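Protein chains in written order, with the numbering used here: chain U, 1 to 256; chain A, 257 to 581.
Cβ coordinates follow ideal geometry from the N, Cα and C atoms, glycine included.
Predicted model only: the values in this text are computed from it and were never measured.
What follows is a short report on a single structure.
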Amino acid sequence: MGELQKNTRFEHLLRLADTNLILGHRMSEWIGKSPILEEELALTNIGLDLIGQARALYEHAVAVSGEEDNRDADDLVFLRDAPEYKNLLLVERENGDFAHTMVRQMFYSAFAVPVWEALTRSVDSEVAGIAGRAEKESLYHLRHASEWILRMGDGTEESHQRVQDAVDALWMYTGEMFDMDEVETAAFEAGHGVDLTAVRSEWEKTVREVLTAATLDYPEDCWMLKGGRTGKHTEHLGHLLSDMQFLQRAYPGQKW
Amino acid sequence: MYSQGLMGVEETPGGEQDLLDRFQARIDAGEKIEPNDEMPEAYRKTLIRQMSQHAHSEIVGVYPEANWVTRAPTLRRKLQAMAKIQDEFGHGLYIYSAAETLGVSREEMVGQLLSGKAKYSSVFNYPTLNWADLAVIGWLGDGAAIMNQIPLCRCSYGPYARAMVLVCKEESFHQRQGYEAMVALMNGSPEQKAMGQDAVNRWWWPIMMMFGPHDADSPNTETGVKWKIKNFTNDELRQKFIKATVPQAKLIGIEIPDPDLRFNEETGDWEHGEIDWDEFWSVVKGQGPCNHDRITARRKAHAEGAWVLEAAQAYAAKQAARNAA
Numbered sequence: 001m002g003e004l005q006k007n008t009r010f011e012h013l014l015r016l017a018d019t020n021l022i023l024g025h026r027m028s029e030w031i032g033k034s035p036i037l038e039e040e041l042a043l044t045n046i047g048l049d050l051i052g053q054a055r056a057l058y059e060h061a062v063a064v065s066g067e068e069d070n071r072d073a074d075d076l077v078f079l080r081d082a083p084e085y086k087n088l089l090l091v092e093r094e095n096g097d098f099a100h101t102m103v104r105q106m107f108y109s110a111f112a113v114p115v116w117e118a119l120t121r122s123v124d125s126e127v128a129g130i131a132g133r134a135e136k137e138s139l140y141h142l143r144h145a146s147e148w149i150l151r152m153g154d155g156t157e158e159s160h161q162r163v164q165d166a167v168d169a170l171w172m173y174t175g176e177m178f179d180m181d182e183v184e185t186a187a188f189e190a191g192h193g194v195d196l197t198a199v200r201s202e203w204e205k206t207v208r209e210v211l212t213a214a215t216l217d218y219p220e221d222c223w224m225l226k227g228g229r230t231g232k233h234t235e236h237l238g239h240l241l242s243d244m245q246f247l248q249r250a251y252p253g254q255k256w
Numbered sequence: 257m258y259s260q261g262l263m264g265v266e267e268t269p270g271g272e273q274d275l276l277d278r279f280q281a282r283i284d285a286g287e288k289i290e291p292n293d294e295m296p297e298a299y300r301k302t303l304i305r306q307m308s309q310h311a312h313s314e315i316v317g318v319y320p321e322a323n324w325v326t327r328a329p330t331l332r333r334k335l336q337a338m339a340k341i342q343d344e345f346g347h348g349l350y351i352y353s354a355a356e357t358l359g360v361s362r363e364e365m366v367g368q369l370l371s372g373k374a375k376y377s378s379v380f381n382y383p384t385l386n387w388a389d390l391a392v393i394g395w396l397g398d399g400a401a402i403m404n405q406i407p408l409c410r411c412s413y414g415p416y417a418r419a420m421v422l423v424c425k426e427e428s429f430h431q432r433q434g435y436e437a438m439v440a441l442m443n444g445s446p447e448q449k450a451m452g453q454d455a456v457n458r459w460w461w462p463i464m465m466m467f468g469p470h471d472a473d474s475p476n477t478e479t480g481v482k483w484k485i486k487n488f489t490n491d492e493l494r495q496k497f498i499k500a501t502v503p504q505a506k507l508i509g510i511e512i513p514d515p516d517l518r519f520n521e522e523t524g525d526w527e528h529g530e531i532d533w534d535e536f537w538s539v540v541k542g543q544g545p546c547n548h549d550r551i552t553a554r555r556k557a558h559a560e561g562a563w564v565l566e567a568a569q570a571y572a573a574k575q576a577a578r579n580a581a
């Protein structure tokens with residue numbers, strides 16, 4: 001097991017952090033718009049978990065990068081433009097209706113659970129610690145989203161159609177999660193990362209179980225879009241950033 | 257955040273004199289009234305109205321904050337804003353549940369909010385125009401709410417009093433958090449200081465109005481005090497709030513936008529300028545800057561979420577049928 005290059009290690013942490021931050025931000029966009037009061041609490045809670053995970057990872061990434069890079073966690077969040085963001089495409093997709101949001105969450109959490117589980121064995125003890133808590137949180141997110149998908153899929157004709165549409169629309173963004181590019185491979189080989197090809201079979205099993213129970217069709221193989229981890233995003237990310245980064249951009253260099 | 261206590265209550269104690277006497281004796285002995293206890297109908301109705309207004313206020317009060325939550329300037333402020341909003345939804349849920357012990361359903365209460373029949377605190381009908389508004393809502397808005405709600409921890413209705421214990425702990429935290437965010441702005445750049453002062457200029461009077469009409473114009477107060485569902489009058493609470501707030505404002509260089517505000521050495525009270533009650537009543541009656549937006553947002557969430565609830569009900573019915581088979 002070789003030593004992981006510092007910039008690869010930083011990049012690997014950033015990918016994880018960005019994905020959780022962007023999905024957490026999407027949850028905050030639901031505030032005041034949820035179908036029921038209990039769900040206002042749940043969605044905000046999921047958002048808080050995700051942004052909390054992201055914050056821990058950014059702070060660690062800052063520590064890892066050391067003196068060569070003087071950006072702090074807030075700089076990473078509020079002062080990078082879209083091409084520098086390394087999140088998965090799936091999580092930047094707009095909320096859409098409640099079905100879209102729950103399917104996006106289920107697709108991501110079904111991936112996050114085995115990823116965090118594997119990361120509890122990371123040689124980086126800081127990451128292993130973050131992963132221990134995040135795994136528990138992600139299990140709850142997966143259960144929450146799956147329960148709703150069950151109700152929507154096996155609910156009314158309208159809800160069935162909406163949730164099937166969401167599954168079909170978001171499917172093309174799921175493939176890149178398992179892509180072992182140079183950074184993921186190097187991180188895995190050095191004991192910092194995860195074998196994402198192994199995660200794929202677990203993900204497929206989870207998703208198939210949820211969709212089948214919800215009387216939904218498991219989509220056929222299709223062209224998978226990728227690019228999130230290398231900064232090639234969809235149109236949706238830029239608008240999210242212009243909203244999220246407004247104050248830091250309009251009033252640079254201030255303490256809040 | 258908070259409700260405008262006892263607004264629009266017309267009922268006066270009526271019904272059987274015996275019941276009223278027995279009930280008053282229990283109240284005077286400091287006993288808590290519990291859901292299954294006998295109570296005058298006017299007491300029950302007044303509490304339903306007060307508690308549902310309070311719960312509605314917690315829910316509608318989220319919108320002015322939600323307007324800035326996605327634009328919070330740091331990770332810390334982002335997490336704070338989301339956690340505060342989550343607390344408020346929790347308060348709403350908790351208070352609706354406490355109100356349900358009086359024999360009214362949440363659906364019914366929410367229906368009254370959506371139809372415009374039920375009121376919520378008029379302060380939420382003002383807009384949040386810059387980031388400092390979130391700090392001011394915490395510092396002054398929640399600060400005013402605490403003045404009202406701490407006495408409610410000792411109110412005569414058990415479920416409401418117990419709910420208020422938790423709510424007050426969280427509101428006190430929000431108040432300190434809001435002030436801390438305000439301190440950061442007032443220690444910041446000239447633009448940040450201007451944001452802070454601008455926010456106070458816009459929120460001060462609506463927050464003064466949160467305490468409700470002057471005692472002389474507030475016929476509900478007497479009954480409320482007698483039944484221990486209101487332990488201080490509107491003017492007493494307003495006075496407590498000013499006393500607590502003036503030194504906090506001074507410390508961070510905030511000017512209170514009331515040229516007539518002055519301390520009366522003889523009475524030991526603060527005297528303040530005239531509150532614009534015409535504005536207050538027009539906002540209460542629906543003509544505030546954001547009344548339409550707030551209720552529209554609430555109705556939209558309800559309408560757009562209807563298919564989700566229908567799905568959950570359909571699924572539950574299917575499950576019940578499967579289990580019965």
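{"query": "Using a cut-off of 9 Å between C-beta atoms, extract the partners of U:Q248 located in chain A.", "result": "P329, T330"}
{"query": "Measure how close the beta-carbons of U:I31 and U:T44 come, nearest whole angstrom, since I'm counting them as under 8 Å.", "result": "6 Å"}
{"query": "With a threshold of 16 other CB atoms inside 10 Å of the CB of A:W395, please say whether the residue is buried or exposed.", "result": "buried"}
{"query": "Name the residue from A:A285, A:A500, A:E530 whose alpha carbon lies nearest to the alpha carbon of A:R432.", "result": "A:A500"}
{"query": "Which bits of chain U does A:F345 rub up against, with CB to CB less than 8 Å?", "result": "L37, E40, L41, T44"}
{"query": "Can you tell me where the alpha helix (DSSP H) with A:E535 in it begins and where it stops?", "result": "533-538"}
{"query": "Tell me which residues share the same chain as U:Y218 and place their Cβ nearer than 6 Å to its Cβ, disregarding the 5 neighbours each side in the sequence.", "result": "R208, L211"}
{"query": "On the DSSP bridge assignment, give the partners of A:R587 in chain order.", "result": "The first residue shown for chain A is 257 and the last is 581, placing residue 587 of chain A beyond what the model contains."}
{"query": "Roughly how many whole angstroms lie between the Cα atoms of U:V167 and U:C222?", "result": "13 Å"}
{"query": "If we cut at 8 Å on Cβ distances, does A:I578 have a partner in chain U?", "result": "Before going further, note that residue 578 of chain A is Arg rather than Ile in the sequence given. Chain U, which has no Cβ nearer than 8 Å to the Cβ of A:R578, makes this no."}
{"query": "Output yes if chain U places a C-beta closer than 8 Å to the C-beta of A:K574; else output no.", "result": "yes"}
{"query": "Starting from the Cα of U:K136, find the closest Cα among U:E147, U:V115, U:D154, U:G153 and give me that residue.", "result": "U:V115"}
{"query": "Among residues of its own chain, excluding the 5 on either side of A:A472, which ones have a beta-carbon nearer than 8 Å to its beta-carbon?", "result": "none"}
{"query": "Check each candidate in U:R71, U:A214, U:M177 and name the one with the smallest Cα separation from U:Y108.", "result": "U:M177"}
{"query": "Less than 8 Å between the CB atoms is what I'm expecting for A:G348 and A:A322, so what's the real figure, rounded?", "result": "Not quite, the Cβ-Cβ distance comes to about 14 Å (not below 8 Å), so this is no contact."}
{"query": "Below 7 Å on C-beta distance, what does U:Q254 contact in chain A?", "result": "G444, S445, Q448"}
{"query": "I'd like to check one pair, U:R9 with U:V64: are the Cβ atoms closer than 8 Å?", "result": "yes"}
{"query": "Which residues, in order along the stretch 374-396 of chain A, keep a beta-carbon less than 7 Å from a beta-carbon of chain U?", "result": "W387"}
{"query": "Could you say which of U:G24, U:E68, U:T101 lies nearest to U:A169 if we only look at CA atoms?", "result": "U:T101"}
{"query": "Let me know the secondary structure DSSP gives A:I510 once reduced to three states.", "result": "coil"}
{"query": "Give a yes or no on whether the minimum CB-CB distance between U:Y251 and chain A is below 8 Å.", "result": "yes"}
{"query": "State whether the stretch 55-63 of chain U contacts the stretch 125-133 of chain U, with contact taken as three or more CB pairs (one from each stretch) at a distance under 8 Å.", "result": "yes"}
{"query": "Mapping the DSSP letters down to three states, classify A:I289 as helix, strand or coil.", "result": "strand"}
{"query": "Relative to the C-alpha of U:V199, which residue among U:L247, U:A118, U:E182 is closest?", "result": "U:A118"}
{"query": "What in chain U is Cβ-close to A:I584, meaning under 7 Å?", "result": "No answer is possible for residue 584 of chain A: it lies beyond the span of chain A, which begins at 257 and ends at 581."}
{"query": "Against chain U, with Cβ distances strictly below 8 Å, would A:V564 count as a contact?", "result": "yes"}
{"query": "Compute the Euclidean distance between the alpha carbons of U:M224 and U:K232, then round it to the nearest angstrom.", "result": "14 Å"}
{"query": "Closer than 7 Å, Cβ to Cβ, to anything on chain A: give me those residues from the stretch 86-115 of chain U, in chain order.", "result": "F98"}
{"query": "Quick test of your reading: A:Q453 and A:Y376, contact by CB under 8 Å. State the CB separation rounded to the nearest angstrom.", "result": "So it is not a contact: roughly 28 Å between Cβ atoms."}
{"query": "Beta-carbon within less than 7 Å of U:S34's beta-carbon, same chain only, minus the 5 sequence neighbours each way: which residues are those?", "result": "E40, L43"}
{"query": "Are the CB atoms of U:E38 and U:A190 nearer to each other than 8 Å?", "result": "no"}
{"query": "When the cut-off is 8 Å and only beta carbons count, does U:S65 lie next to chain A?", "result": "no"}
{"query": "What did DSSP end up calling A:Y413 once you bin it into helix, strand or coil?", "result": "strand"}
{"query": "Between U:E137 and chain A, is the shortest Cβ-Cβ distance under 8 Å, so that the two count as touching?", "result": "no"}
{"query": "Listed in chain order, which residues of the stretch 353-365 of chain A have Cβ atoms closer than 9 Å to some Cβ of chain U?", "result": "R362"}
{"query": "From U:N95 to U:H239, what does the alpha carbon distance come to, in whole angstroms?", "result": "13 Å"}
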